[in-house]
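Residue numbers (the working numbering), protein chains in the order written: chain A, 720 to 1198; chain B, 4 to 173.
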């Protein structure tokens, strides 16, 4: 349940901005050598001075030329820098809560027998977190066996963050030869948010399992809430006989209560690439999301960073975490499924270790990774898997921004199969441009069409709490 | 510029003030040593003004143009017959200004302004300065040892240096 460690450090644009990025990928252990040609300008001056000195027979110009040529030779005779280094990272808190500031201390040691006059280190910060303090880059001089240390801070976000290898660029004293290498140092920061201790109660619909729980069912039997009094039948338990009535009328009567049963709930989180957008910075437009990933095959990683407003997926996951906590505390079975190219399926259960499983999956499963998926999502096979996995007596809570018709249709189809569905929909739309306004209206219509089938939709607008949104929906359904 | 994932989008590739300062000081030394020849000093002064601006802009080309004014000033002064010691100091400091500026721009694009880079920049420029001083002293000693009539000997020596350079390039 973690990302695979990348084999290459990204050095895009490091050597020369025009290069193909794949050419600049350096494998761990590989060393790339480059002549910087940085003394060519001085050589040109030396040759011009030499020429002029000869033509005008000015000896002092020849003197100046000799100085320039000496620097050309300086660039040639300096030995290439050693590139055997080791790197060691210390993390102040390897298991932080989201939003915590984690300090990373990087120690670089020169293992070679010669000094490195010019050592530049670029640490492999995971692309899923952002640096909030200091710089993950450092330049220094390292004598043989010498060590240097630098510190920066990142802000923890949900997920397993595995550090990339650090990139080291070493130059000789003259700077004529540059050696680039990637140095591995296995470090990871795992941020697994806890399920909320006192969650908002998420309503469950009246489709129940045969297990005892906290949802009052339609059927009568043993329980707490009074339902009716009926004639005594042979076999009724003594403690359910209404003795007062028996004393009054002389006939045995039995009290019936409403039975309380548990529900089995599958949390279905929409984690397709389109849900990685956030309100405000780059909001979702219907046109973008309907044409799917081809318009935005490689979304700018900066737009996914948690600084700024949260993505729809992040809010969906937060809502799912609240729902899971609420359902577990009510004694229901909880399962988890992701609508994502990276399948995630945990069948509903009630055990304590299951709670941890759901918590970890919501935090670190690939399907909910902070980097949006690049693989295409197969809508047909997802529907088949959904129908196969989710049993008929389980109900489904769908977490989706409802930015395209697919989720709305899937929800309506599930409802048509008499599966009980609730939708919790974080609203990612804004109204800052006509296109965004149109997308907002489109989504509102979709919400209305789902609601018109009798499916409860919690429309969670940006800037309000989930609690408010749930309360509003409860009023709507009780009214 | 350099794209390392996970960093804020506000990566600032502006060269550090240490590197910029080193280049600017070296350029001023060039101007100072050329004061005896007016047009040479003026050309070098143009370069000295342009160098910090060019380094801060992060453009290697702008910096190369600015530094070429320093070299042009030194060459003009050399033609005008400035004292060889002053010329040597002017050329040496122009080379250091070129070197420190190029280095600062390189460090800026690779490490950014936020990183601590002063050690690298000071060490690199100190190395270049040491080479310039050593070569300058040796060259001047050789120069004074050879009389003006024996220019041909100097030419042969310079050609030998060229040949050596070319051979080392193999």
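Using N, Cα and C, we set each Cβ at its ideal position, and we do this for glycine too. Just so you know, these numbers come straight off a predicted model, no measurement behind them.
Which listed residue (the options) has its alpha carbon closest to that of residue i
| i | options | result |
| --- | --- | --- |
| residue 1054 of chain A | A:1144, A:1035, A:1074 | A:1074 |
| residue 840 of chain A | A:848, A:826, A:852, A:1077 | A:826 |
| residue 77 of chain B | B:38, B:62, B:113, B:65 | B:38 |
| residue 36 of chain B | B:161, B:128, B:140, B:91 | B:91 |
| residue 864 of chain A | A:1079, A:1168, A:966, A:832 | A:832 |
| residue 1185 of chain A | A:948, A:1068, A:919 | A:919 |
| residue 823 of chain A | A:967, A:756, A:903, A:908 | A:908 |
| residue 93 of chain B | B:139, B:133, B:22 | B:139 |
| residue 821 of chain A | A:847, A:795, A:846, A:871 | A:871 |
| residue 769 of chain A | A:787, A:759, A:758 | A:787 |
| residue 83 of chain B | A:1163, A:777, A:750 | A:777 |
| residue 1123 of chain A | A:1094, A:804, A:1163, A:1113 | A:1163 |
| residue 902 of chain A | A:861, A:848, A:843 | A:843 |
| residue 875 of chain A | A:847, A:890, A:856 | A:847 |
| residue 963 of chain A | A:977, A:948, A:1152 | A:948 |
| residue 1058 of chain A | A:1090, A:873, A:991 | A:991 |
| residue 973 of chain A | A:966, A:985, A:959, A:1142 | A:959 |
| residue 952 of chain A | A:970, A:862, A:894, A:946 | A:970 |
| residue 1088 of chain A | A:747, A:817, A:877 | A:877 |
| residue 744 of chain A | A:1135, A:763, A:883 | A:883 |
| residue 1097 of chain A | A:1062, A:1195, A:923, A:1042 | A:1062 |
| residue 133 of chain B | B:113, B:99, B:146 | B:99 |
Test item: CB-CB of residue i and residue j under 8 Å
| i | j | result |
| --- | --- | --- |
| residue 1060 of chain A | residue 1092 of chain A | yes |
| residue 859 of chain A | residue 1079 of chain A | no |
| residue 906 of chain A | residue 808 of chain A | yes |
| residue 752 of chain A | residue 867 of chain A | no |
| residue 33 of chain B | residue 53 of chain B | no |
| residue 1031 of chain A | residue 994 of chain A | yes |
| residue 87 of chain B | residue 782 of chain A | yes |
| residue 889 of chain A | residue 802 of chain A | yes |
| residue 1045 of chain A | residue 1118 of chain A | no |
| residue 161 of chain B | residue 785 of chain A | yes |
| residue 1130 of chain A | residue 1160 of chain A | no |
| residue 117 of chain B | residue 854 of chain A | yes |
| residue 124 of chain B | residue 142 of chain B | no |
| residue 1150 of chain A | residue 1166 of chain A | no |
| residue 797 of chain A | residue 761 of chain A | no |
| residue 97 of chain B | residue 43 of chain B | no |
| residue 682 of chain A | residue 873 of chain A | For chain A, the structure presents residues 720 to 1198; residue 682 of chain A sits outside this window and is missing. |
Unbroken beta strand (DSSP E) run spanning residue i, endpoints
| i | result |
| --- | --- |
| residue 872 of chain A | 866–874 |
| residue 752 of chain A | 750–754 |
| residue 1114 of chain A | 1114–1118 |
| residue 907 of chain A | 907–910 |
| residue 1149 of chain A | Unbroken run through residue 1149 of chain A: none, as it is neither H nor E. |
| residue 883 of chain A | 883–890 |
| residue 1121 of chain A | No beta strand (DSSP E) contains residue 1121 of chain A, which DSSP labels as neither H nor E. |
| residue 897 of chain A | 896–902 |
| residue 1143 of chain A | 1140–1145 |
| residue 921 of chain A | Segment: none, residue 921 of chain A is in no beta strand (DSSP E) and carries neither H nor E. |
| residue 747 of chain A | Note, residue 747 of chain A: premise wrong, no beta strand (DSSP E); not H, not E. |
Enclosing alpha helix (DSSP H) for residue i [first to last residue]
| i | result |
| --- | --- |
| residue 1202 of chain A | This structure cannot settle anything about residue 1202 of chain A, because the visible part of chain A is limited to 720 through 1198. |
| residue 25 of chain B | 20–36 |
| residue 775 of chain A | Run containing residue 775 of chain A: none; DSSP gives neither H nor E here. |
| residue 1098 of chain A | 1098–1108 |
| residue 120 of chain B | Careful: residue 120 of chain B lies outside any alpha helix (DSSP H) and carries neither H nor E. |
| residue 996 of chain A | Run containing residue 996 of chain A: none; DSSP gives neither H nor E here. |
| residue 962 of chain A | 962–968 |
| residue 43 of chain B | 41–60 |
| residue 1040 of chain A | 1031–1048 |
Amino acids of chain D, ordered along the chain, whose beta-carbon sits closer than 9 Å to that of residue i
| i | result |
| --- | --- |
| residue 146 of chain B | Note that chain D does not occur in the displayed structure, where the protein chains are A and B. |
ask   = When Cβ atoms are compared, which residues of the stretch 852–866 of chain A fall closer than 9 Å to chain B?
value = 853, 854, 855, 856, 857, 858, 859, 860
ask   = What are the complete beta strand (DSSP E) segments, minimum 3 residues, inside the stretch 73–104 of chain B?
value = none
query = For the stretch 864–884 of chain A, which residues have a CB atom closer than 8 Å to at least one CB atom of chain B, in sequence order?
reply = 869, 873, 883
message = Please identify, using Cβ separations under 9 Å, the residues of the stretch 824–842 of chain A that lie next to chain B, in order along the chain.
response = 836, 837, 838, 839, 840, 841, 842
ask   = In the stretch 797–852 of chain A, which residue ranges form an unbroken beta strand (DSSP E) of at least 3 residues, counting only runs that do not cross its ends?
value = 804–810, 820–829, 835–843, 849–852
key: chain B contacts from the stretch 777–805 of chain A (Cβ-Cβ distance under 8 Å)   = 777, 778, 779, 780, 781, 782, 783, 784, 785, 786, 787, 788, 789, 790, 791, 792, 793, 795, 796
message = Beta carbons nearer than 9 Å to chain A: which residues of the stretch 98–120 of chain B have them?
response = 98, 101, 102, 105, 106, 109, 110, 112, 113, 114, 115, 116, 117, 118, 119, 120
request  = Identify each residue in the stretch 1141–1162 of chain A for which the Cβ-Cβ distance to at least one residue of chain B is less than 8 Å, and report them in chain order.
outcome  = none
task = For the stretch 43–57 of chain B, enumerate the residues whose C-beta is nearer than 8 Å to any C-beta of chain A, in chain order.
result = none
key: Residues of the stretch 17–40 of chain B with Cβ closer than 8 Å to any Cβ of chain A, in chain order   = none
task = For the stretch 1150–1184 of chain A, list the beta strand (DSSP E) runs that are entirely contained and at least 3 residues long, ordered along the chain.
result = 1176–1179
ask   = Any residues in the stretch 893–922 of chain A with a beta carbon nearer than 8 Å to a beta carbon of chain B? Which ones, in chain order?
value = 893, 894
Positions along the stretch 130–144 of chain B whose CB lies within less than 8 Å of some CB in chain A = 130, 131, 134, 135, 138, 139, 142, 143
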